[in-house]
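S.K.: This is the structure I have questions about; it appears just below.
The structure is reproduced here in structure tokens:
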């Protein structure tokens with residue numbers, strides 16, 4: 001038990017240092033963008049958040065498959081924890097995106113494939129969390145959630161493809177995003193570092209959430225024992 | 229051969245129930261009518277505008293009423309523990325899925341055949357020249373939607389508030405089917421760009437295959453007691 005606690009502590013400290021360094025790089029080290037100026041710095045949080053939500057949903061799908069195969073309850077716990085974090089980060093993506101788009105594209109929102117897919121992704125996993133809380137039978141709820149998590153993840157590339165087809169039917173104006181070609185080396189370093197920091201943040205949150213979910217399980221088992 | 233017989237037996241049970249009660253088809257039709265009428269009020273029905281929106285109105289009416297039909301069809305299984313009876317039969321779980329999808333497609337198709345003429349009259353559409361293609365698109369769209377919907381309505385029938393849960397699960401996931409069905413309908417109705425609609429129809433077929441296969445494979449996990 002003591003060893004586990006120490007591991008948590010080390011993980012939290014590493015994440016803390018990484019995020020702090022990431023903030024320094026994003027706000028001070030990286031040069032301001034030529035045309036967009038300082039507003040472009042949101043890029044270093046926007047892209048890593050999207051990345052984290054994508055890993056999180058991948059973990060939901062994977063844990064769901066393993067849960068259906070093995071029936072072991074801890075995989076369901078992992079999927080549930082990961083889904084919550086994924087939804088949190090996709091919400092961050094959907095908030096930072098329009099904030100960045102308004103000064104740069106002069107609009108909060110366009111029905112671009114990536115934007116629309118993120119939005120649909122948010123809807124799917126919000127539904128996933130609702131589904132989890134709406135089923136009274138725990139064991140059955142876990143199976144439902146696993147099935148929905150798998151379909152939801154398989155759906156992501158399909159949604160992206162269909163929307164890309166849909167939008168390319170109309171010529172969209174060429175929009176100057178922050179990423180793409182010609183990223184200054186300092187910017188690239190910062191981005192890469194922030195990706196790393198956010199990945200660690202995800203792992204830390206996942207471990208803590210998974211742990212607390214386990215405590216809840218334990219508590220309920222004890223309560224059940226006392227009542228009988 | 230036995231599989232086919234079993235599918236037909238489950239299908240027969242569902243159709244017989246519907247013929248006696250008629251509640252699914254009647255409620256779907258009434259609801260689809262209401263959607264079409266509401267759109268006629270919210271858009272100005274005399275302008276050219278409504279003809280551009282027609283494919284959207286058609287599909288919104290069909291999908292919303294389809295949603296009602298799907299949730300009804302499984303709520304019915306919950307009454308008097310009917311699903312238990314079906315599960316007690318020596319039938320493969322996946323066959324139950326196939327039978328249910330066919331049943332839902334049949335109910336939704338009947339509603340479409342009633343709604344489509346009404347739309348043509350109310351919105352003054354000309355569909356004569358593309359009728360076979362249009363029917364194919366309607367069928368493919370319905371198949372994909374019912375394929376996903378059958379799985380999700382089995383899930384939502386076991387949740388606390390099933391009427392709310394089904395659309396929340398169903399609509400985000402079926403975005404690709406909805407999009408390609410609406411697009412191919414739009415190109416068909418516009419009379420131009422038949423080639424464009426063909427490529428959307430191909431895409432729709434692809435989506436149908438993907439979704440039906442996944443849902444077929446996963447169905448046994450949601451239905452076991």
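Chains as they are written, first to last, in the numbering used here: chain P, 1 to 228; chain F, 229 to 453. Even glycine gets a Cβ: it sits at the ideal position worked out from N, Cα and C.
1. Would a C-beta distance cut-off of 8 Å place residue 22(P) and residue 197(P) closer than the cut-off?
2. Considering only residues of the stretch 114 to 172 of chain P, which uninterrupted alpha helix (DSSP H) runs meet the minimum length of 4 residues and lie entirely inside it, listed in chain order?
3. Which whole-angstrom value describes the C-beta separation of residue 80(P) and residue 213(P), a residue pair presumed to lie in contact below a C-beta threshold of 8 Å?
4. Check residue 37(P) in the structure and name its three-state DSSP category.
5. Quick check on the DSSP output: what are the complete alpha helix (DSSP H) runs of length 4 or more inside the stretch 46 to 113 of chain P, in order along the chain?
6. For residue 210(P) versus residue 78(P), is the C-beta distance shorter than 8 Å?
7. To the nearest angstrom, how far is it from the Cα of residue 63(P) to the Cα of residue 439(F)?
8. Measuring alpha carbon to alpha carbon, tell me which of 226(P), 49(P), 44(P), 26(P) ends up nearest residue 93(P).
9. Examine the Cβ distances between the stretch 274 to 292 of chain F and the stretch 402 to 421 of chain F and report whether three or more of them are shorter than 8 Å.
10. Counting only Cβ-Cβ distances shorter than 7 Å, please list the residues of the stretch 387 to 414 of chain F near chain P, keeping chain order.
11. Applying a beta-carbon distance threshold of less than 7 Å, which residues of chain F neighbour residue 140(P)?
12. Run down chain P in chain order and give the residues with a C-beta less than 8 Å from the C-beta of residue 435(F).
13. Is there a C-beta anywhere in chain F that falls below 8 Å from the one on residue 250(P)?
14. Put residue 229(F) into one of helix, strand or coil per three-state DSSP.
15. Given a cut-off of 8 Å, decide if residue 135(P) and residue 141(P) are closer than it, judged by their beta-carbon atoms.
16. What is the residue span of the alpha helix (DSSP H) that residue 29(P) lies within?
17. Using CA coordinates, which residue listed in 234(F), 297(F), 376(F) is at the minimum distance from residue 315(F)?
18. Determine the DSSP secondary structure at residue 348(F), reduced to helix, strand or coil.
19. Using the Cα positions of residue 367(F) and residue 265(F), report the straight-line distance between them to the nearest angstrom.
M.R.: In brief:
1. Sequence index remark: in the first chain, residue 22(P) carries index 22 (1-based). Sequence index remark: in the first chain, residue 197(P) carries index 197 (1-based). Yes; because the gap between Cβ atoms is below 8 Å, this pair is in contact.
2. 138 to 168
3. As a first step, residue 80(P) is located in the first chain; it is residue number 80 there, counting from the start. As a first step, residue 213(P) is located in the first chain; it is residue number 213 there, counting from the start. Right, the Cβ-Cβ distance comes to about 7 Å (below 8 Å), so this counts as a contact.
4. Numbered from its first residue, the first chain carries residue 37(P) at position 37. Residue 37(P) falls in the strand class under three-state DSSP.
5. 73 to 105
6. Within the first chain, the letter at position 210 stands for residue 210(P). Within the first chain, the letter at position 78 stands for residue 78(P). Yes, these two residues count as a Cβ contact at 8 Å.
7. Within the first chain, numbered from 1, the residue matching residue 63(P) stands at position 63. Within the second chain, numbered from 1, the residue matching residue 439(F) stands at position 211. In a straight line, the C-alpha of residue 63(P) is about 20 Å away from that of residue 439(F).
8. Mapped onto the first chain, residue 93(P) falls at position 93. The residue with the shortest Cα to Cα distance from residue 93(P) is 49(P).
9. yes
10. 387, 388, 389, 393, 396, 397, 400, 401, 403, 404, 407, 408, 411
11. Here residue 140(P) refers to the residue found at position 140 when the first chain is read from its first residue. Those within 7 Å of residue 140(P) in chain F are 386.
12. Mapped onto the second chain, residue 435(F) falls at position 207. Under the 8 Å cutoff, chain P gives 158, 162.
13. The shown model of chain P, from 1 to 228, leaves out residue 250(P), and the question about it has no answer.
14. For the purposes of this step, residue 229(F) is identified with residue 1 of the second chain, where counting begins at 1. Coil, per DSSP.
15. Within the first chain, the letter at position 141 stands for residue 141(P). Within the first chain, the letter at position 135 stands for residue 135(P). Against a cut-off of 8 Å, the Cβ pair of residue 135(P) and residue 141(P) comes out as a contact.
16. Taking the first chain and counting its residues from 1, the one referred to as residue 29(P) is at position 29. Neither: residue 29(P) is in no alpha helix (DSSP H) and is coded neither H nor E.
17. By 1-based counting over the second chain, the position of residue 315(F) is 87. Residue 234(F) is the option with its Cα nearest to residue 315(F).
18. Residue mapping note: residue 348(F) aligns to position 120 of the second chain, counting from 1. Three-state result, residue 348(F): helix.
19. Mapped onto the second chain, residue 367(F) falls at position 139. Mapped onto the second chain, residue 265(F) falls at position 37. Distance between the alpha carbons of residue 367(F) and residue 265(F) is about 23 Å.
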